Ligand code: COA
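Numbering (UniProt numbering), first residue to last: 1 to 172.
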């Protein structure tokens, strides 16, 4: 009987509010290891995101057009349930510095506790992106700092639009 080989799928979850060049770097690395990568956008309302989940999804679509074997989705609920639904074998997370490790270690073990089949793979972004975070990007942009080298072009545009809108509504 012929066996059909299932593609090795990994899920790269996060809030991505917004996606940065550091995230893109991790996506590229993950695609070298896995046959298919799903970028899974968590709504994460507790983080009070600047962009809603659909806006974040659209920015990621635009910014990752160069990649094959990549899909972008939002997900609700537990990550391990999303993994099972997708038949994914691994969670990809980026580690930028030692300070990321404790939280990531905790999440990896909790996910394994929830589903013993789930493995987490940690990848290091290129060193030029180790200081990046979505919050810092938003903060720098809100004070008029230059972010063009740090995020995809679509993100620079959408942040500028969002900040202008907020300003016109008297929210900043
Ligand atoms: N480049 C740039 N920034 C990076 C980065 C990289 N390579 N890697 C991480 N970051 C930044 C993110 O931008 C983010 O910055 P911010 O805090 O300023 O927004 C921060 O590091 C980490 O956030 P993120 O990667 O978005 O992860 P998160 O910690 O917000 O989200 C989820 C974690 C979504 C994976 C987690 O909450 C989850 O799995 N939720 C689903 C519910 C669930 O299953 N919970 C149980 C988990 S054990």
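Cβ atoms here follow ideal geometry from the backbone N, Cα and C, with glycine treated the same way.
Since this is a predicted model, take the numbers as computed values, not measurements.
Can you tell me whether residue 114 is buried or exposed, with buried defined as 16 or more other CB within 10 angstroms of its CB?
For the purposes of this step, residue 114 is identified with residue 114 of the chain shown, where counting begins at 1. The residue is exposed, with fewer than 16 neighbouring Cβ atoms inside 10 Å.
Given a cut-off of 8 Å, decide if residue 59 and residue 89 are closer than it, judged by their beta-carbon atoms.
Looking up residue 89 in the chain shown gives position 89. Looking up residue 59 in the chain shown gives position 59. Contact: no.
Run through DSSP, which three-state label would residue 35 get?
What you label residue 35 is simply residue 35 of the chain shown in a count that begins at 1. The answer is coil: DSSP assigns residue 35 none of H, G, I, E or B.
Looking at the secondary structure, which residues open and close the alpha helix (DSSP H) in which residue 108 lies?
As a position in the chain shown, residue 108 is number 108, starting the count at 1. Following the DSSP letters along the chain, one finds residue 108 inside the alpha helix (DSSP H) bounded by residues 98 to 114.
I'd like to know whether the C-beta atoms of residue 22 and residue 152 end up nearer to each other than 8 Å.
The count along the chain shown starts at 1 and reaches residue 22 at position 22. The count along the chain shown starts at 1 and reaches residue 152 at position 152. Cβ atoms of residue 22 and residue 152: not closer than 8 Å.
Beta-carbon separation of residue 47 and residue 74 under 8 Å?
Reading the chain shown from its first residue, position 47 is the one you call residue 47. Reading the chain shown from its first residue, position 74 is the one you call residue 74. Cβ atoms of residue 47 and residue 74: not closer than 8 Å.
Can you round the beta-carbon distance between residue 17 and residue 134 to whole angstroms, since I take them to be within the 8 Å contact cut?
As a first step, residue 17 must be located in the chain shown, where it is residue number 17. As a first step, residue 134 must be located in the chain shown, where it is residue number 134. Yes, they are in contact, since the Cβ atoms of residue 17 and residue 134 sit about 5 Å apart, within 8 Å.
Where the alpha helix (DSSP H) containing residue 118 begins and where it ends
For the purposes of this step, residue 118 is taken as residue 118 along the chain shown, with counting starting at 1. Per DSSP, residue 118 belongs to no alpha helix (DSSP H) and is neither H nor E.
Can residue 133 be considered in contact with the ligand COA, in the sense that its beta carbon sits closer than 7 Å to one or more heavy atoms?
Working through the chain shown from its first residue, we reach residue 133 at position 133. Yes; taking the cut-off as 7 Å, the Cβ of residue 133 has a heavy atom of the ligand COA nearer than that.
Indicate whether residue 121 and residue 11 have their beta-carbon atoms separated by less than 8 Å.
Numbered from 1 along the chain shown, position 121 holds the residue referred to as residue 121. Numbered from 1 along the chain shown, position 11 holds the residue referred to as residue 11. For residue 121 and residue 11, no; Cβs fall outside 8 Å.
contact_flag[the region 100 to 119, the region 34 to 46] where n(CB pairs < 8 Å) is 3 or more
No, the region 100 to 119 does not touch the region 34 to 46.
How do the region 142 to 162 and the region 52 to 72 stand: do at least 3 beta-carbon pairs fall below 8 Å, yes or no?
Of all C-beta pairs linking the region 142 to 162 to the region 52 to 72, three or more are shorter than 8 Å, placing the two stretches in contact.
Span separating the alpha-carbon of residue 159 from that of residue 106
As a working mapping, residue 159 is identified with position 159 in the chain shown. As a working mapping, residue 106 is identified with position 106 in the chain shown. Whole-angstrom Cα-Cα distance: 32 Å.
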